[in-house]
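Read in order, the letters of the sequence shown are residues 1 to 144 in UniProt numbering.
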Amino acid sequence: MSGSTANAEPRGEYIVADAGPIADLDFSSRQDFTRRDGAVFLNASRSASSGSMAFPARTICQETAARDMEPIEVGPAGVLYSHSTIHVSATRQTPYTIGYVDFPNGLRVLAQVRGIAADAGCDIPVVLDADADGWFVVPAKKEV
């Protein structure tokens, strides 16, 4: 049945003429973190139907495309899963360190890491902090 179009879908039937990108991230009013009682929390989101989480907060679920994302706060404590020190950059002063941070609710985010040696290991307890340049993580102070 080579060349037969009897069972083929009509071309263009499902194309939307005004299709375009969906504005999922609002950069004009987005606030990535909140400071409360001396602690910093990330403003993330969770899908009511799938449980999928995202940071920065989104309006559309990355897994299901459902428009059911609800705001959640994440932090202030997490665990530095892995990190790397960057020595070459065209956009910012080097060196600087970035790493993946795992939070207790299961969300993993890429963060700027401060106050850690380049040769430090992984699985280091960290806490969120912030300054005029934005949010970052630092090693958690050991309780005595």
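No residue lacks a Cβ here, since even glycine has one placed at the ideal position from N, Cα and C.
*Helix, strand or coil: how does DSSP classify R46 here?*
Position 46 of the sequence shown holds residue 46. When secondary structure is reduced to three states using DSSP, R46 falls in the strand class.
*Is the distance from the Cβ of V138 to the Cβ of D131 below 7 Å?*
On the sequence shown, position 138 is the one that residue 138 refers to. On the sequence shown, position 131 is the one that residue 131 refers to. Cβ atoms of V138 and D131: not closer than 7 Å.
*State the Cα-Cα distance for the pair L110 and P76, rounded to the nearest angstrom.*
Working through the sequence shown from its first residue, we reach residue 110 at position 110. Working through the sequence shown from its first residue, we reach residue 76 at position 76. The C-alpha of P76 is placed about 15 Å away from the C-alpha of L110.
*Give the DSSP bridge partners of D102, in chain order.*
As a working note, residue 102 is residue 102 in the sequence shown. Partner(s): V79, R108.
*Segment contact, 8 Å Cβ cut-off, at least three pairs: the segment 51 to 60 with the segment 87 to 98*: Taking a cut-off of 8 Å for Cβ pairs, the segment 51 to 60 and the segment 87 to 98 do not touch, as fewer than three such pairs fall below it.
*Spell out the partners DSSP gives A36 in its beta bridges.*
As a first step, residue 36 is located in the sequence shown; it is residue number 36 there, counting from the start. Before going further, note that residue 36 is Arg rather than Ala in the sequence given. According to DSSP, which records beta bridges pairwise, R36 is partnered with A39.
*Would you identify the three-state DSSP class for V138, choosing helix, strand or coil?*
Start at 1 with the first residue of the sequence shown, and residue 138 comes out as number 138. In this structure, V138 counts as strand in the three-state DSSP scheme.
*asked:* Please classify C122 as buried or exposed, where buried requires at least 16 other C-beta atoms within 10 Å of its C-beta.
replied: Your numbering for residue 122 matches position 122 in the sequence shown. Sixteen is the threshold: since fewer than 16 other Cβ atoms of the shown chains lie within 10 Å of the Cβ of C122, the residue is exposed.
*Do you know how far the Cα of N105 is from the Cα of S47?*
To locate residue 47, count along the sequence shown from 1; it is residue 47. To locate residue 105, count along the sequence shown from 1; it is residue 105. Distance between the alpha carbons of S47 and N105 is about 13 Å.
_With DSSP as the reference, identify every bridge partner of S84, one or two as the case may be._
The residue you call residue 84 lines up with position 84 of the sequence shown. DSSP output for S84 lists I98 as bridge partner(s).
*Among the residues of its own chain, which have a CB less than 6 Å from the CB of A39, if the five just before and after it don't count?*
Residue mapping note: residue 39 aligns to position 39 of the sequence shown, counting from 1. The answer, listed in chain order, is P76.
*What residue from R35, T64, L42 has the CA that sits closest to S49's CA?*
On the sequence shown, position 49 is the one that residue 49 refers to. Nearest C-alpha to S49: T64.
*Go to D131, then tell me how far its beta strand (DSSP E) extends in each direction, as first and last residue.*
Looking up residue 131 in the sequence shown gives position 131. Note, D131: beta strand (DSSP E), 124 to 131.
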